[in-house]
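Comments concern the structure below.
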Amino acid sequence: MTPAPSLWRLFWVFLVMGATSIGGGVVGYLRSGLVTRERWLDDPAFVELLSISQTLPGLNATNMAILVGDRLRGARGAALAALGMCLPGASLMTAAAFVYGSGGDSPLAKAFLHGIAAGAVGLVTMVLVQLGAKTLRELADYVLAAATAVLVAFMGVPVPYALIGVGAVAIWWHGRRRQRNTGDPK
Amino acid sequence: MKQLAEIGGVFAYLSLLTVGGGMAAFPELKELTVDVHHWLTFPELLHYYSLGQLAPGPNMMMVASVGAHVAGIAGAAVALIAFLLPTGVLTFAVGRVWNRLADWPWRAPIQLGLGAVSVGLVLAGVIIMGRGALTNVVYVAIAAAVFGLLMLTKINPAWPIIASGAVGIVVHLFG
Chain A
421 MTPAPSLWRL
431 FWVFLVMGAT
441 SIGGGVVGYL
451 RSGLVTRERW
461 LDDPAFVELL
471 SISQTLPGLN
481 ATNMAILVGD
491 RLRGARGAAL
501 AALGMCLPGA
511 SLMTAAAFVY
521 GSGGDSPLAK
531 AFLHGIAAGA
541 VGLVTMVLVQ
551 LGAKTLRELA
561 DYVLAAATAV
571 LVAFMGVPVP
581 YALIGVGAVA
591 IWWHGRRRQR
601 NTGDPK
Chain B
4 MKQLAEIGGV
14 FAYLSLLTVG
24 GGMAAFPELK
34 ELTVDVHHWL
44 TFPELLHYYS
54 LGQLAPGPNM
64 MMVASVGAHV
74 AGIAGAAVAL
84 IAFLLPTGVL
94 TFAVGRVWNR
104 LADWPWRAPI
114 QLGLGAVSVG
124 LVLAGVIIMG
134 RGALTNVVYV
144 AIAAAVFGLL
154 MLTKINPAWP
164 IIASGAVGIV
174 VHLFG
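Protein chains in written order, with this note's numbering: chain A, 421 to 606; chain B, 4 to 178.
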């Protein structure tokens, strides 16, 4: 692996990834940028940091930027990598709000936006199916996921209550199974 | 000033709900920005969310749009920073002690348990989005077509979403 990059170089590489990773799938862009092109990480290190990113709350892409930035250049590296990752998309979306404010009410713009909203539901459903296939392993997982969705989407239960309530049951369930399967004391 | 503080509070809170990705925060994002604070309408929120799918970078940069919609550039900056900072600090801290957590016996149960709940939150987000966006059979067909295409091919999602917008215009002009 190459020696640690300068802070400026770190910021620049994440800024380029933040500007070019269009259409989701940001993990693929991260891997080709960090492992293949810059060689800042090898594949096992990349997979390890990715699994931390996906376990913790927060966006996967910014979590990865923070972990990689910290590993290469400490706290300042983490901050600059996350900033670089977000700056292009956030600037575009800020600009979009101003454009929307001046022209979003025209019938054609509304028709276009209604169309892409429907398309986005298709995209998010695909993300849901992929996440579910990777995450849900047994019947209990499906029941817990369905219970969370029913509580939040149909019964109007605030998300924190659902998260803590169902989450506690889910953690207890998996902890109990683990203990029974391995005989491992807590 | 009071409004910026409110924006900061809302997005810092939403930040902590993004378990398993940004979509998990969508139900509460809708509740707080549309129903509680009336910063924007539900269709406007859906439009920003969908435009956000076309923007590069992390998938929830639309929080900057909501901030800008309410309070201009300052609102965008506050929303973005508030949305990134709480989980960012957590990730930074956990990243440094991760190796010590590796042998913690509750790590696997927490990971598996929260994984199932986060899938449920994303499902709730899809249902709530669908209620707003799939207003008639044409839009259901658009969503189904995009879903099928993305499941069966490796096409960049930006293209079918732009095509969905074009179909929306055609439906408006000739429907």
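All C-beta atoms, glycine included, are put in the ideal place defined by N, C-alpha and C.
Task: Beta carbon of L430(A) nearer than 7 Å to that of A501(A) - done: yes
Task: Pair within 7 Å by beta-carbon distance, A71(B) and G78(B) - done: yes
Open item on the list: Let me make sure I understand the geometry here. Which of W593(A), W592(A), F574(A) has the alpha-carbon closest to that of L180(B)?
Closed with: As displayed, chain B neither begins before 4 nor continues past 178, which places residue 180(B) out of reach and without an answer.
TODO: Quick one: grab the DSSP three-state call for P578(A).
DONE: coil
TODO: Pull out every residue of the stretch 42–58 of chain B whose Cβ sits closer than 9 Å to any Cβ of chain A, in chain order.
DONE: P46, E47, L49, H50, Y51, Y52, S53, L54, G55, Q56, L57, A58
Task: Residue-level contact to chain A via CB, E31(B), 7 Å cutoff - done: yes
TODO: Report yes or no: is there a C-beta of chain B within less than 7 Å of the C-beta of L564(A)?
DONE: yes
Open item on the list: Could you compute how far the alpha carbon of E47(B) sits from the alpha carbon of E34(B)?
Closed with: 13 Å
Open item on the list: Whole angstroms are fine: how far does the CA of T44(B) sit from the CA of V37(B)?
Closed with: 6 Å
- [ ] Step through the CB atoms of chain A and report whether any lies within less than 7 Å of the CB of F14(B).
- [x] no
Task: Whole-angstrom distance between P464(A) and V563(A), CA atom to CA atom - done: 33 Å
TODO: Give a yes or no on whether 7 Å exceeds the smallest Cβ distance from V122(B) to chain C.
DONE: The chain inventory of the structure shown lacks chain C, comprising the protein chains A and B.
Open item on the list: Can you confirm whether H40(B), when its beta carbon is compared against all beta carbons of chain A, has any partner nearer than 7 Å?
Closed with: no
TODO: Evaluate the contact criterion for the stretch 163–175 of chain B versus the stretch 522–536 of chain A: three or more CB pairs, one atom per stretch, below 8 Å.
DONE: yes
Open item on the list: I need the DSSP call for H594(A), collapsed to helix, strand or coil.
Closed with: helix
Task: Interface flag, F150(B) vs chain A, CB-CB below 7 Å - done: yes
Open item on the list: Is there a Cβ of chain A sitting closer than 7 Å to that of T90(B), yes or no?
Closed with: yes
Task: Beta-carbon proximity list for F14(B), same chain, < 7 Å, skipping 5 on both sides - done: V66, A82, A85, F86
Open item on the list: What does the Cβ neighbour count give for L176(B), buried or exposed, with the cut at 16 atoms within 10 Å?
Closed with: exposed
TODO: List the endpoints of the continuous alpha helix (DSSP H) containing M505(A).
DONE: 480–523
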